[in-house]
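Beneath this line is the structure, given in structure tokens, with notes to follow.
In our numbering, the protein residues as written are 88 to 347.
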């Protein structure tokens with residue numbers, strides 16, 4: 088099913104490229120909602136051995152028809168000597184902060200951008216649009232895609248993709264990988280991940296997850312896989328602070344104090 092989806096997206100990309108090269112191509116009547124500008128981007132530098140190309144369908148500002156920094160969709164194509172795969176992002180995802188500097192794009196424009204790498208001491212990048220990092224301590228790097236300012240208090244959020252093999256990537260949706268922000272702390276020695284989220288000046292939560300080994304079956308043989316369990320939660324809720332810890336398989340309240 089996944090390969091069929093990617094094949095459809097590839098055919099869609101080819102058909103859009105055909106429309107770019109042949110200006111006589113038109114949108115069928117009743118489907119004008121799909122008549123968006125198509126912008127193509129290639130990063131000048133290889134990223135982790137991959138050539139990265141992008142097809143971006145930006146939103147148009149109704150007043151002056153300029154392109155916005157977000158779009159209807161963004162498709163990324165990663166191609167290396169031994170692997171290739173597509174990633175499709177939903178609307179309102181800013182693929183790169185360079186989008187802010189290109190408001191006057193035309194249908195079919197091709198842009199060549201310099202890739203901004205993450206700092207060597209970062210696991211989740213602040214400014215890089217995407218990178219490869221080992222976020223689950225398994226010794227293998229995952230694809231990390233940045234959503235600039237997409238989280239609480241203008242923090243970045245991230246989508247994490249596990250690369251299983253050729254044309255086989257999987258979005259990691261388990262906790263804590265479904266809710267990472269750039270305030271997340273990684274402890275590779277103790278194999279813990281600590282996340283922080285906020286909904287206001289006096290309302291925030293801090294969750295700590297620890298990697299544990301679980302046994303399951305891989306068709307006809309037992310295997311051990313790592314998963315992350317929440318072992319501690321600190322909640323600041325207005326004027327009260329509560330701390331929960333995992334005991335006997337359940338999170339139990341261990342401390343409750345008034346802040347003011």
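Cβ coordinates follow ideal geometry from the N, Cα and C atoms, glycine included.
Note that the coordinates shown come from a computational prediction; the quantities given were computed from them, not determined experimentally.
_Looking only at its chain, what residues have a beta carbon closer than 7 Å to the beta carbon of residue 278, apart from the 5 residues adjacent to it on each side?_
Along the chain shown, read from residue 1 onward, the residue named residue 278 stands at position 191. Contacts found: 224, 297, 298.
*asked:* Quick check for students: name the residue ranges of the beta strand (DSSP E) that lie wholly in the stretch 129-208, counting only runs of 3 or more.
replied: 138-147, 154-166, 171-176, 197-200
*State the Cα-Cα distance for the pair residue 199 and residue 281, rounded to the nearest angstrom.*
By 1-based counting over the chain shown, the position of residue 199 is 112. By 1-based counting over the chain shown, the position of residue 281 is 194. Roughly 37 Å between the two C-alpha positions.
*Inter-residue Cα distance where the pair is residue 239 and residue 343*: In the chain shown, counting from the first residue as 1, residue 239 sits at position 152. In the chain shown, counting from the first residue as 1, residue 343 sits at position 256. Cα-Cα distance, rounded: 25 Å.
*asked:* Can you tell me where the beta strand (DSSP E) holding residue 286 begins and where it ends?
replied: For the purposes of this step, residue 286 is taken as the residue at position 199 of the chain shown. Per DSSP, residue 286 belongs to the beta strand (DSSP E) from 279-287.
*Going by DSSP, name the residue or residues bridged to residue 291.*
Start at 1 with the first residue of the chain shown, and residue 291 comes out as number 204. Per DSSP, 285, 323.
_Among 154, 149, 283, nearest to residue 194 - alpha-carbon criterion_ = Translated into the one-based positions of the chain shown, residue 194 becomes position 107. The shortest C-alpha separation from residue 194 is found at 154.
*With a threshold of 16 other CB atoms inside 10 Å of the CB of residue 124, please say whether the residue is buried or exposed.*
Position 37 of the chain shown, counted from the first residue, corresponds to residue 124. Classification of residue 124: buried, given that the 10 Å Cβ count is 16 or more.
*Could you tell me if residue 111 is buried or exposed, where buried requires 16 or more neighbouring beta carbons within 10 angstroms of its beta carbon?*
Within the chain shown, residue 111 is the residue found at index 24, counting from 1. In this prediction, residue 111 has a pLDDT of 49, which is less than 50 and means its spatial position is unreliable; what the coordinates show is noted afterwards. Flag for residue 111 reads exposed.
*Quick one: grab the DSSP three-state call for residue 332.*
Taking the first residue of the chain shown as 1, we reach residue 332 at position 245. Of the three classes helix, strand and coil, the one that applies to residue 332 here is strand, per DSSP.
*asked:* According to DSSP, is residue 108 part of a helix, a strand, or is it coil?
replied: Within the chain shown, residue 108 is the residue found at index 21, counting from 1. Legend: pLDDT at residue 108 = 47, less than 50; position of this residue unreliable, value from coordinates given subsequently. The answer is helix: DSSP assigns residue 108 an H, G or I state.
*What are the boundary residues of the beta strand (DSSP E) that residue 246 is part of?*
Taking the chain shown and counting its residues from 1, the one referred to as residue 246 is at position 159. Residue 246 -> beta strand (DSSP E) spans 244-252.
*Going along the chain, which residues of its own chain have a beta-carbon closer than 6 Å to the beta-carbon of residue 301, five neighbours each way excluded?*
Residue 301 sits at position 214 when you count from the first residue of the chain shown. For residue 301, where only same-chain residues beyond five positions count, the Cβ hits under 6 Å are 312, 314.
_Measuring alpha carbon to alpha carbon, tell me which residue in 119, 265, 330, 142 is nearest residue 249._
Counted from its first residue, the chain shown places residue 249 at position 162. When each option's Cα is compared against that of residue 249, the closest is 265.
*Rounded straight-line distance, which links the Cα of residue 170 to that of residue 242*: Counting from one through the chain shown, the residue named residue 242 turns up at place 155. Counting from one through the chain shown, the residue named residue 170 turns up at place 83. Those two C-alpha atoms are separated by around 32 Å.
*What three-state label does DSSP hand residue 262 in the structure shown?*
Locating residue 262 in the chain shown gives position 175, where the first residue counts as 1. If DSSP states are grouped into helix, strand and coil, residue 262 belongs with coil.
_Beta-carbon separation (whole angstroms), residue 295 vs residue 319, contact threshold 8 Å_ = Mapped onto the chain shown, residue 295 falls at position 208. Mapped onto the chain shown, residue 319 falls at position 232. Between residue 319 and residue 295 the Cβ distance is about 4 Å, and since that is below 8 Å, they are a contact.
_Nearest by alpha-carbon distance to residue 260: which of 246, 306, 273, 272 is it?_
Here residue 260 corresponds to residue number 173 of the chain shown, with the count starting at 1. For the residues 246, 306, 273, 272, the minimum Cα distance to residue 260 belongs to 246.
_Where residue 268 sits in the DSSP three-state scheme_ = The count along the chain shown starts at 1 and reaches residue 268 at position 181. Correct three-state label for residue 268: strand.
_residue 222: first and last residue of the uninterrupted beta strand (DSSP E) it sits in_ = As a position in the chain shown, residue 222 is number 135, starting the count at 1. Residue 222 -> no beta strand (DSSP E), and no H or E assigned at all.
_Just to confirm the assignment, what range does the beta strand (DSSP E) spanning residue 234 have?_
Taking the chain shown and counting its residues from 1, one reaches residue 234 at position 147. Residue 234 -> beta strand (DSSP E) spans 229-234.
*For residue 256, which residues of its own chain have a beta-carbon under 6 Å away from its beta-carbon, when the five flanking residues on both sides are left out?*
Residue mapping note: residue 256 aligns to position 169 of the chain shown, counting from 1. Same-chain partners within the cutoff: 172, 248, 250.
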